[in-house]
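Residue numbers (UniProt numbering): 1 to 123. Notes for the one structure printed next.
The structure is reproduced here in structure tokens:
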């Protein structure tokens, strides 16, 4: 199982990584990227079972990344969970229409991430 964590905040990447490890995954199970550009590079080099991405990032934001993943490359069917501070109904709808499988509003806890991960991985 390989997870890609995409967030411009190193602190948030560490928090998400810690939660992923609490859920039984090891550090070897996930890679990190600080923006969509670096994430796209990693996606072009390796297979990932799930992508956890922030929305607000420099260079290529999470929504742009989702649209790119859904339109080209080998990860078009890979589950994507957006983890963001953008909690408005409009943002959620926009993200879902772009191809996000699930949506988590920050701050969140391990149970929420586990529930969302379980939800996309069992499909």
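Note that beta-carbon positions come from the ideal geometry of N, C-alpha and C, so glycine has one too. Since this is a predicted model, take the numbers as computed values, not measurements.
About 6 Å separates the Cβ atoms of residue 104 and residue 112, confirming a contact at the 8 Å cut-off.
Counting other Cβ atoms within 10 Å of its Cβ, residue 119 stays below 16 and is therefore classed as exposed.
A contact between stretches requires three or more CB pairs, one per stretch, nearer than 8 Å, and the stretch 5 to 13 meets this requirement with the stretch 31 to 45.
Around the C-beta of residue 68, 16 or more other C-beta atoms lie within 10 Å, and the residue is accordingly described as buried. In the structure shown, the three-state DSSP call for residue 32 is strand. Residue 84 is bridged by DSSP to 105.
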